[in-house]
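**Q**
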Amino acid sequence: MANERRAEEVVLRSISGLAVKLWATYFILFIYIVFHADAMWRLSSVRHKAVPQGRSLEEFKLKRREHEKVLRSARKDNLLVSKRLLLCEDEDETPMDAASGDQVVHLVQKLQQSGQEKETHLKALSGSLRNPSAQTVFIKHENSMHLLVGLLSGSQAQWRLLALQCLHELSQSHQPNVTLACVPATPYLLTYLSGQSTKLTELCLYTLGNLCPGSDVVRDKLLAQGIIPALKNCMESQRSNLAVVEAVGFTLSQLLQAKDAAEKITPAVLASGLPSLLRSVLSPDPQFGLAPAIECAWCLHYLTCSTVGSSALRADGTLSRCSSLLVALGGAVSKGTKEEGMELLVWPLLRSVGNLLSSGPPGDMGSQGGDLLPALCALARAFLPSHPALALESAWVLNNLTADSSELCAALLDLNLVPELIQLLPFSQGINTMLLRVLGNVAHQTNRSCSQLARAGLVPALCATLRMSEPDVVALSLEVLFMLVAGCPQAAEEFVGQNGVALLEAVQYNGDGEIRQRAAHLLEHHLPAHLL
Numbered sequence: 051m052a053n054e055r056r057a058e059e060v061v062l063r064s065i066s067g068l069a070v071k072l073w074a075t076y077f078i079l080f081i082y083i084v085f086h087a088d089a090m091w092r093l094s095s096v097r098h099k100a101v102p103q104g105r106s107l108e109e110f111k112l113k114r115r116e117h118e119k120v121l122r123s124a125r126k127d128n129l130l131v132s133k134r135l136l137l138c139e140d141e142d143e144t145p146m147d148a149a150s151g152d153q154v155v156h157l158v159q160k161l162q163q164s165g166q167e168k169e170t171h172l173k174a175l176s177g178s179l180r181n182p183s184a185q186t187v188f189i190k191h192e193n194s195m196h197l198l199v200g201l202l203s204g205s206q207a208q209w210r211l212l213a214l215q216c217l218h219e220l221s222q223s224h225q226p227n228v229t230l231a232c233v234p235a236t237p238y239l240l241t242y243l244s245g246q247s248t249k250l251t252e253l254c255l256y257t258l259g260n261l262c263p264g265s266d267v268v269r270d271k272l273l274a275q276g277i278i279p280a281l282k283n284c285m286e287s288q289r290s291n292l293a294v295v296e297a298v299g300f301t302l303s304q305l306l307q308a309k310d311a312a313e314k315i316t317p318a319v320l321a322s323g324l325p326s327l328l329r330s331v332l333s334p335d336p337q338f339g340l341a342p343a344i345e346c347a348w349c350l351h352y353l354t355c356s357t358v359g360s361s362a363l364r365a366d367g368t369l370s371r372c373s374s375l376l377v378a379l380g381g382a383v384s385k386g387t388k389e390e391g392m393e394l395l396v397w398p399l400l401r402s403v404g405n406l407l408s409s410g411p412p413g414d415m416g417s418q419g420g421d422l423l424p425a426l427c428a429l430a431r432a433f434l435p436s437h438p439a440l441a442l443e444s445a446w447v448l449n450n451l452t453a454d455s456s457e458l459c460a461a462l463l464d465l466n467l468v469p470e471l472i473q474l475l476p477f478s479q480g481i482n483t484m485l486l487r488v489l490g491n492v493a494h495q496t497n498r499s500c501s502q503l504a505r506a507g508l509v510p511a512l513c514a515t516l517r518m519s520e521p522d523v524v525a526l527s528l529e530v531l532f533m534l535v536a537g538c539p540q541a542a543e544e545f546v547g548q549n550g551v552a553l554l555e556a557v558q559y560n561g562d563g564e565i566r567q568r569a570a571h572l573l574e575h576h577l578p579a580h581l582l
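Under my numbering, the residues of the sequence shown are numbered 51 to 582, in order.
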């Protein structure tokens, strides 16, 4: 019996030991399945977000194209209003002693008296009114503006000119009440634009230009009084007098910078025929210089800032005219010829062309678009040391030019301009981000474009930009790299050979979630597995 009981206990212990082992095995298997399933779920969920489905590259390109349309319209700003002081021939820029309020009142009283010394008193008053406090005293003195307007409209030519000089000094003020006080004189200023005295006309124009940004009331008065047709007639009749043409350009540019210009002013300017006159002045004059062309180019820029202006000017040849001049200027700087102040003309021309390109594709430019590409690269390179913001503008126009044109993207490659753009990638202040967009436009096109970009040395350049600290630069570098390795297997191999895997792994520590996701996606799905 004892032996049988002992045998049963051995069997039971064996069974219970086996049961414990089975339960332990089941438990371990259960934990493994749960953990593995959880890991697989998390892995598959990440891949579901990052791994492209069949049309992912095309979807990516479509999303990128929609985003770029917004960026192409990013230079429509109206922040350049200014005042101009036009000195008479017998004056200099030496600052006068500040006139007291009593002195200004005394001069007004003297002018109210008839006499031969009126001319002397007017000259003294003109100098005194350069002082802001004297301006306030003057407009508050009873009948002072009535006296000035009376002299302005009188028969004595010299008194009229000196009274206008006083009004011109008042127009320099940034105080709204001083600007408003000048309103009674504006009908006479507009009338004299059609007069015979070019000196008087020029002074009237600068005075009107100073008054335009001072007050909505003043600007509305001037529009109602017919300033736009007056400017057009003045420019037509004085076309040969470039000093007057420059003054017309200044006054019109001041007018076009009003907040409501797109609704109230731009349509009237377009209907007046002024744009064709502005275009005719764009070529710099060998004797007179760049100033008239600069002022007229800024007018065109402000017109292109509105949708209606951009469409109309694109249709009437403004894009072609501005582009031709940029091609000429780019050719000049590429030969080492950079006229003093040239950047002041290049700037509004770039803005105008960029705005016009953002309103439609560059397909109607023909061969001119291909000529513009090397000119823009030359301008960016030439002005980078002294005017980096101008280099950025050139890159912005390059982006607008290549964004919707496979022909111009191909021309950028055929003209061997990509190496020039790559040389500018180390520069910050937005230049590298804009150039990455341009290179992205090219990579966006075809697999052949990607292969040509790789042969031009883009892969090492992207390795350098991926190391930069600016998130925008890293994000755009990943965007271009994605298109490059997706379209060119050799580029993917070169990137791995350039220690690209370590770069992407480092990028995954970036604080931006989308950047991390793009880097992980490239690592997992677009680099050759046998090289990892």
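Where a beta carbon is used, it is the ideal one built from N, C-alpha and C, also for glycine.
1. Quick one: Cα of residue 510 to Cα of residue 400, how far?
2. Helix, strand or coil, according to DSSP, for residue 65 in the structure here?
3. On the CB-based measure, 16 or more other CB atoms within 10 Å of its CB, does residue 559 come out buried or exposed?
4. Near residue 203, what residues of its chain come up, given a Cβ to Cβ distance below 7 Å and the 5 sequence neighbours on each side ignored?
5. Quick one, which of 337, 219, 154 and 334 has its alpha-carbon nearest residue 192's?
6. Taking the C-alpha atoms as reference points, what is the distance between residue 376 and residue 449?
7. Could you say which of 526, 529 and 572 lies nearest to residue 543 if we only look at CA atoms?
8. Enumerate in chain order the residues of its own chain whose CB-to-CB distance from residue 404 is below 6 Å, with the five nearest sequence positions on each side excluded.
9. Can you tell me the Cα-Cα spacing of residue 397 and residue 179, whole angstroms?
10. Can you tell me where the alpha helix (DSSP H) holding residue 456 begins and where it ends?
11. Would you mind listing the alpha helix (DSSP H) stretches within the stretch 538–574 that are 4+ residues and don't spill past its ends, in chain order?
12. At what residues does the alpha helix (DSSP H) containing residue 377 begin and finish?
13. Relative to the C-alpha of residue 392, which residue among 408, 528 and 336 is closest?
14. What does DSSP give as the partner residue(s) for residue 404 in the beta ladder?
15. Counting along the chain, where does the alpha helix (DSSP H) carrying residue 449 start and finish?
16. What are the start and end residues of the alpha helix (DSSP H) that includes residue 207?
17. Please name the residue, chosen from 566, 229, 219 and 471, that lies closest to residue 516 on a Cα-to-Cα basis.
18. Relative to the C-alpha of residue 190, which candidate in 496, 206, 160 and 230 has its C-alpha closest?
19. Examine the Cβ distances between the stretch 364–383 and the stretch 325–332 and report whether three or more of them are shorter than 8 Å.
20. Could you have a look at residue 490 and say whether DSSP puts it in helix, strand or coil?
21. Hey, how far is the Cα of residue 529 from the Cα of residue 236?
22. Suppose only complete runs of 4+ residues qualify. What are the alpha helix (DSSP H) ranges in the stretch 284–316, listed by chain order?
23. My output table needs one value for residue 359: the three-state DSSP class, helix, strand or coil.
24. Anyone know if the C-beta pair for residue 268 and residue 258 falls short of 7 Å?
25. Could you give the DSSP three-state label for residue 530: helix, strand or coil?
26. Please state the DSSP three-state secondary structure of residue 53.
27. What are the residues that DSSP puts in a beta bridge with residue 335?
28. Check whether the Cβ atoms of residue 427 and residue 485 sit closer than 7 Å, and answer yes or no.
29. By the three-class DSSP mapping on this structure, what secondary structure does residue 229 have?
30. Tell me, please, whether the stretch 495–513 touches the stretch 531–551 by the rule of three or more beta-carbon pairs shorter than 8 Å.
31. Applying the criterion that 16 or more other CB atoms from any shown protein chain within 10 Å of the CB defines a buried residue, is residue 563 buried or exposed?
32. Please report how far the alpha carbon of residue 277 lies from the alpha carbon of residue 294, in whole angstroms.
33. By how many angstroms is the C-alpha of residue 497 removed from the C-alpha of residue 104?
34. Here's the rule I'm using: 16 or more other beta-carbon atoms within 10 Å means buried, otherwise exposed. How should residue 421 be labelled?
**A** Walking through what the data contain:
1. 30 Å
2. The predicted model places residue 65 with a pLDDT of 37, which falls under 50 and marks its position as unreliable; any figure quoted below should be read in that light. Helix, per DSSP.
3. exposed
4. 238
5. 154
6. 16 Å
7. 572
8. 125, 446, 447 and 450
9. 34 Å
10. 456–464
11. 539–547 and 550–557
12. 368–384
13. 336
14. According to DSSP, which records beta bridges pairwise, residue 404 is partnered with nothing at all.
15. 438–452
16. 207–221
17. 566
18. 230
19. yes
20. helix
21. 57 Å
22. 292–305 and 311–314
23. helix
24. no
25. helix
26. With a pLDDT of 42 at residue 53, under the threshold of 50, the modelled position of this residue cannot be trusted, and the question is left open.
27. 339
28. no
29. helix
30. yes
31. exposed
32. 15 Å
33. For residue 104, the pLDDT reaches just 38, beneath the cut-off of 50, and the residue's location in the model is therefore unreliable, although a value from the coordinates is still provided. If you take the alpha carbons of residue 104 and residue 497, they lie about 17 Å apart.
34. buried
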